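Let me begin by presenting the structure, written as C-alpha cells, before commenting on it.
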Amino acid sequence: ISLIIFISLVVNIYILQLNLYNFIILFQFILIFIILPFIASFDIIDSIISESKLDYTNTIVTTLDGERAISGSRDKTIKVWNLKTRKQMFTLRGHSDWVTTGAVTPDDKYLISGSRDKTIKVWNLKTRRELFTLSNHED
Numbered sequence: 006i007s008l009i010i011f012i013s014l015v016v017n018i019y020i021l022q023l024n025l026y027n028f029i030i031l032f033q034f035i036l037i038f039i040i041l042p043f044i045a046s047f048d049i050i051d052s053i054i055s056e057s058k059l060d061y062t063n064t065i066v067t068t069l070d071g072e073r074a075i076s077g078s079r080d081k082t083i084k085v086w087n088l089k090t091r092k093q094m095f096t097l098r099g100h101s102d103w104v105t106t107g108a109v110t111p112d113d114k115y116l117i118s119g120s121r122d123k124t125i126k127v128w129n130l131k132t133r134r135e136l137f138t139l140s141n142h143e144d
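For the sequence shown, my numbering begins at 6 and goes up steadily by one.
Structure representation (C-alpha cells):
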C-alpha cells in the first residue's frame, strides 16, 4: 500500500505542479491520517491476540466504527475487545461448541455468530444479550 501511495504522490506532484512546501503538507496529511492509523490497528489487534492467549481463536471481526474487535473461540465463547484500551469488555456465552464465524451488522448494534453446534445466534452488543437462535443448520 505504501508503494501505491508513493506513486500517487509522484503523479499528483507532476500533474498539479505542487511546490515542495505543498508536497510536504500533503505527505504529512497522508502519513498522519492514513498510513499510521492503518499500521496501528494491526499492532493493536496483534497485542490483543498475544495478551489474551487467543491461540484457539477461530474468527475475529471488527465493528465498522473501528472501536471493537470480536473474537470467537474454541472455548465456545465470544469476547468483545476495546481496540483503544486493548482490554476485554465482555464475554458472550451460549454456544455449545466452537464459535467458528461472526459478522457485525452495519449499524454495529448486533453480532451474528455461527458455531459447530449447528446454530446461528444473534446478539445485541449494547445489552450484551442473545436475542434469538436459529437452529437445525445441517452443515
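Even for Gly, the Cβ is constructed at its ideal location relative to N, Cα and C.
Just so we're clear, the structure is a prediction, and the values are computed from it rather than from any experiment.
Reduced DSSP secondary structure (H/G/I, E/B, other) of residue i
i, result
"residue 77", "strand"
"residue 91", "coil"
"residue 119", "strand"
"residue 133", "coil"
"residue 107", "strand"
Same chain only: Cβ atoms within 8 Å of residue i, ignoring 5 sequence neighbours per side
i, result
"residue 92", "86"
Separation of residue j from residue i, as counted between CA atoms
i, j, result
"residue 95", "residue 79", "17 Å"
"residue 118", "residue 107", "4 Å"
"residue 137", "residue 73", "22 Å"
Cβ shell of residue i (< 6 Å), same chain only, five flanking positions each side left out
i, result
"residue 128", "97, 116, 135"
"residue 113", "68, 69, 70"
Presumed contact (8 Å Cβ cut-off) between residue i and residue j, rounded CB distance
i, j, result
"residue 102", "residue 122", "4 Å"
Own chain, CB closer than 7 Å to residue i, minus 5 neighbours either side, in chain order
i, result
"residue 66", "75, 107, 108, 109"
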